[in-house]
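Everything on this sheet refers to the single structure shown next.
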Amino acid sequence: MVERRKELNQRYKRKKKLAKLKGRMSLASTPGDKDLILQKILKISPWWSESATPPQGGKRSAPSPRKPKPATAGPRKKPGA
């Protein structure tokens, strides 16, 4: 179980680091900066491609609002009371 925990911790750390680098890449102004960041990303995750990422940097959109529940008539009364 120790090995599994180590693998999971490495995965979580890699995920955080990739998110950080992707954010930096979206803010990079020069092609040289983008290339340096891309090299770091590919060192961590060789299978990553820029076209595979969502346009908003991987953040999820807000959930759609739910319909309100219909109002009830009040508490139910026990039969025979």
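To convert, count from 1 in the sequence shown and add 194; that's my numbering.
We put the CB at the ideal spot given by N, CA and C, even for glycine.
Nothing here was measured: the structure is a model prediction, and the numbers come from that model.
I need the straight-line Cα distance from residue i to residue j, nearest angstrom please.
i, j, result
"residue 196", "residue 222", "39 Å"
"residue 219", "residue 263", "44 Å"
"residue 216", "residue 270", "55 Å"
"residue 234", "residue 243", "13 Å"
"residue 202", "residue 208", "10 Å"
"residue 232", "residue 198", "29 Å"
"residue 274", "residue 206", "59 Å"
According to DSSP, simplified to helix, strand and coil, what is residue i?
i, result
"residue 223", "coil"
"residue 270", "coil"
"residue 265", "coil"
"residue 260", "coil"
Please go through the same chain and pick out, in chain order, the residues whose beta-carbon is closer than 8 Å to the beta-carbon of residue i, but skip the five residues on each side of it.
i, result
"residue 228", "219 and 222"
Original post:
How about the region 236–246 and the region 203–222: do they share at least three Cβ pairs that are nearer than 8 Å?
Top reply: yes
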